[in-house]
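Reviewing the structure listed below.
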Amino acid sequence: MYDFLFKGGVYPDFDKKELVKGDVAVKDGKIVAVGEVEGEAERVIDATGLIVSPGFIDIHMHEEDFQNEAHEYFISDLELQQGVTTCLGGNCGKARQRLGEFLAVVEELGGLPVNYMMQAGYNGERTKLGIGRYENATQEQIEYLTKIMTEEIEQGCIGISFGLEYDPGITFEEIMYVLNAQPQDDLFVSAHYRDDSTGAIKSIKEMIDIVEQSGKKFQIAHLSSCSAMGQMDEALPMINEAHKRNPKLDYDTYPYAAFSTSIGSAVFDEGCFEQWGKSYENIYMTSGKYANQFCTKETFYEIRRDDPTQYVVAFVMNENEIADTIANPVCGMVASDGIVRLKSGHPRAAGTFARVLGKYVREDKVISMIDALKKMTLTPAKRIDLDHRKGEIKVGMDADIAVFNPETIIDGATFASLYEKKPEGVEYVLVNGVLAVEHGEIINARAGEFIPSKYKK
Ligand SMILES: [Zn+2]
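Numbering (numbering that gives the first Met the number 0), first residue to last: 0 to 456.
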């Protein structure tokens with residue numbers, strides 16, 4: 000007797016590179032039969048007209064901030080609702096707490112809504128040491144930070160993330176020192192680039208140098224917000240060529256023409272608007288005193304001074320360049336870069352995966368369904384060494400499954416609200432064989448598990 004049997008749907012077969020008809024049976028947390036499946040199940044679900052996909056893997060997101068906010072899940076629930084079953088947190092150098100602190104709260108909360116893996120965040124630790132943004136660390140400080148990174152990896156983190164734009168004082172040599180001290184050849188390293196727009200090409204070159212000199216895997220974070228301001232025609236061929244030379248280099252990207260970060264960040268330092276060819280009116284405030292308004296010169300400087308941690312949305316990217324990063328046939332994967340603060344933030348946290356499938360696949364037809372699904376499942380699974388158990392609909396794989404309607408799927412969240420409207424078309428989500436979402440509603444938010452990296456001691 001199966002636990003679940005999805006009858007009459009199609010699923011992505013990445014070996015055949017097409018969607019194929021087949022039933023999918025689940026028992027004890029695993030996919031146990033695929034194809035024409037007979038037999039009884041506790042729950043037989045009619046999947047006619049639906050795609051039975053591996054659960055989406057969000058390789059770049061920002062986990063809950065349990066230290067400064069509530070001991071509650073916000074972004075994890077939003078991820079689950081759109082079909083994400085595994086998240087990689089600790090991005091952009093800003094793990095929102097150390098792994099041990101994160102896991103202690105997870106235990107208190109009785110589990111996780113989705114599966115998690117985590118990176119150690121370099122910048123956060125650097126800031127804790129009192130090193131200023133533009134300041135260079137001393138050799139002694141670098142050695143201390145390296146030790147912390149090593150300890151986090153030994154605790155179960157899969158690698159290290161950097162946020163070079165946030166702390167311009169971090170030097171190339173500093174990064175190389177930290178990475179060379181880690182013995183694992185295929186350690187996962189990611190970075191929020193050093194500079195965007197007119198500085199994008201130089202930043203990408205620096206990251207290519209890091210991957211070539213360190214030998215580690217290297218993920219360029221949210222490429223669109225780095226170079227979708229007119230630089231993509233140069234950036235993408237450069238990355239593709241480097242990827243062909245060394246597949247350890249890859250990138251992720253999100254499907255929105257606006258990025259979000261705190262208004263006090265170095266991203267908004269003097270000269271940023273000239274660099275983007277944009278102005279104060281392109282910056283939107285999602286919370287605080289001027290919630291849901293675009294900035295003026297006056298409010299921009301007022302909030303930057305008085306409430307620098309407030310998140311704002313910057314509409315400074317070009318739509319056609321976003322599409323290029325998603326459609327790129329050579330490399331690249333889809334990820335949200337989602338971050339939620341006090342229940343507000345950029346809609347990418349709640350809508351990224353549904354938006355790619357609805358807008359970029361169905362409406363704009365810039366990428367095929369099979370290729371888009373691969374960029375959200377098998378490709379990120381391989382990247383974080385999970386492809387032996389996640390990322391495909393095959394017998395023996397974990398039963399992380401997202402069942403959606405390709406005719407209706409679309410994002411619902413807006414810049415005004417993450418919550419007002421849910422994504423449409425997500426019918427069923429299984430996490431480790433447990434039915435977690437049914438017809439868009441979360442019914443079990445504790446089926447996920449933390450997955451330590453293979454380097455855990
Ligand atoms: Zn970032």
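All residues carry an ideal CB built from backbone N, CA and C; glycine is no exception.
Candidates the options: which alpha carbon is nearest residue i's?
| i | options | result |
| --- | --- | --- |
| G390 | D27, D45, D2 and V51 | V51 |
| E151 | Q118, A290 and K453 | Q118 |
| G109 | K93, E71 and E426 | E71 |
| G411 | E423, D305, M316 and A435 | E423 |
| M148 | F5, Q138 and A180 | A180 |
| F403 | L372, T378 and A415 | L372 |
| F273 | T137, S196 and P379 | First, the amino acid is wrong: residue 273 is Glu here, not Phe. It is S196 whose Cα lies nearest to the Cα of E273. |
| G8 | T47, K421, V83 and A241 | T47 |
| D306 | K288, L417, D323 and Q292 | K288 |
| A265 | Y165, L111, I169 and E301 | Y165 |
| Y458 | I302, M316 and N317 | Residue 458 lies beyond the stretch modelled for the chain, which goes from 0 to 456, so this question has no answer here. |
| T170 | A444, N122 and F5 | N122 |
| I392 | L356, L429 and K421 | L429 |
| S367 | E106, F3, Y1 and L18 | L18 |
| W275 | I219, Y300 and A199 | A199 |
| K146 | E63, L178 and L163 | L178 |
| G344 | I56, D12 and M60 | M60 |
| K420 | A220, L77 and I325 | L77 |
| I159 | C91, H221, E172 and E205 | C91 |
| I58 | F65, R42 and C86 | C86 |
| I56 | M332, G395, R354 and R340 | M332 |
| H221 | P182, R388, I338 and R445 | I338 |
Return helix, strand or coil for residue i, following the three-state DSSP convention.
| i | result |
| --- | --- |
| N443 | coil |
| S189 | strand |
| I366 | coil |
| P167 | coil |
| Q292 | strand |
| M457 | Lying outside 0 to 456, the shown extent of the chain, residue 457 is not represented and no answer is given. |
| L18 | strand |
| I30 | strand |
| D305 | helix |
| I74 | helix |
| A24 | strand |
| K420 | coil |
| V210 | helix |
| K201 | helix |
| Y10 | strand |
| E426 | strand |
| Y1 | strand |
| F449 | strand |
Where does the unbroken beta strand (DSSP E) through residue i begin, and where does it stop?
| i | result |
| --- | --- |
| G216 | Note on residue identity: the sequence assigns Lys, not Gly, to residue 216. Counting along the chain, the beta strand (DSSP E) containing K216 begins and ends at K216 to I219. |
| L434 | V433 to E437 |
| Y250 | L248 to T252 |
| A313 | Y310 to A313 |
| S52 | I50 to P53 |
| A401 | I400 to F403 |
| G158 | G158 to G162 |
| A40 | A40 to D45 |
For residue i, count neighbouring C-beta atoms within 10 Å of its own C-beta (all shown protein chains included) and say buried if the count is 16 or more, exposed if not.
| i | result |
| --- | --- |
| T260 | buried |
| E362 | exposed |
| K15 | exposed |
| K93 | buried |
| G34 | exposed |
| Q212 | exposed |
| A290 | exposed |
| I442 | exposed |
| Q80 | buried |
| E142 | exposed |
| K247 | buried |
| D249 | buried |
| N319 | exposed |
| A69 | exposed |
| Y133 | exposed |
| M284 | buried |
| T329 | Looking at the sequence provided, one finds Val at residue 329 rather than Thr. Flag for V329 reads exposed. |
Would you give the residue range spanned by the alpha helix (DSSP H) that residue i belongs to?
| i | result |
| --- | --- |
| E150 | Q138 to Q154 |
field: Runs of alpha helix (DSSP H) wholly within the region 80-133 (minimum 4 residues, chain order)
entry: 98-107 and 121-127
- prompt: In chain order, which continuous runs of the beta strand (DSSP E) of length 3 or greater are located wholly inside the region 320-392?
  reply: none
- prompt: Where are the beta strand (DSSP E) runs, 3 residues long or more, that stay fully inside the region 222-291, in chain order?
  reply: 248-252, 258-261 and 282-284
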